[in-house]
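Numbering (our numbering), first residue to last: 434 to 510.
Comments concern the structure below.
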C-alpha cells in the first residue's frame, strides 16, 4: 500500500512478501525521468520517500524485486 495519497512531503510504502530479497523503490515523473531511487534491505517491509522537493503532479513508482515488480502512481500536492 502507498499512503497518504495524495501526499505533501513524505510517501510511505508497505508491502507483504514471503521471500528475503533486496528491493529497489523507484519513483519517476510522468515523462519517465527517475526522481528517486532507494534500495531496501530484505528484512524491511516498508519504505519512505521524501517528496517535499518534487513539484505538484502525478508520479509513478515501481517496487522491483527478484520475483517481480509492483507498479502504481501517486499524487504530489
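Note that beta-carbon positions come from the ideal geometry of N, C-alpha and C, so glycine has one too.
Got a sec? Which residues, its chain only, sit under 7 Å from residue 474 by beta carbon, not counting five neighbours each side?
-> As a first step, residue 474 is located in the chain shown; it is residue number 41 there, counting from the start. Taken in chain order, the residues that qualify are 455.
In its own chain, which residues sit with a C-beta less than 6 Å from the C-beta of residue 463, not counting the 5 before and 5 after it?
-> Reading the chain shown from its first residue, position 30 is the one you call residue 463. Within the same chain, residue 463 has close Cβ partners 491.
When we look at the beta-carbon of residue 436 and count the other beta-carbons within 10 Å, is it buried (16 or more) or exposed?
-> Counting from 1 along the chain shown, the entry for residue 436 is found at position 3. Counting the other CB atoms within 10 Å of its CB gives residue 436 a total below 16, which places it among the exposed residues.
Name, in chain order, the residues that DSSP records as bridge partners for residue 465.
-> As a first step, residue 465 must be located in the chain shown, where it is residue number 32. DSSP output for residue 465 lists no bridge partner at all.
Roughly how many whole angstroms lie between the Cα atoms of residue 392 and residue 500?
-> Missing from the structure shown is residue 392; the chain here goes from 434 to 510 and no further.
Can you tell which of 510, 483 and 507 has its C-alpha closest to the C-alpha of residue 443?
-> Taking the chain shown and counting its residues from 1, the one referred to as residue 443 is at position 10. Closest option to residue 443, Cα to Cα, is 483.
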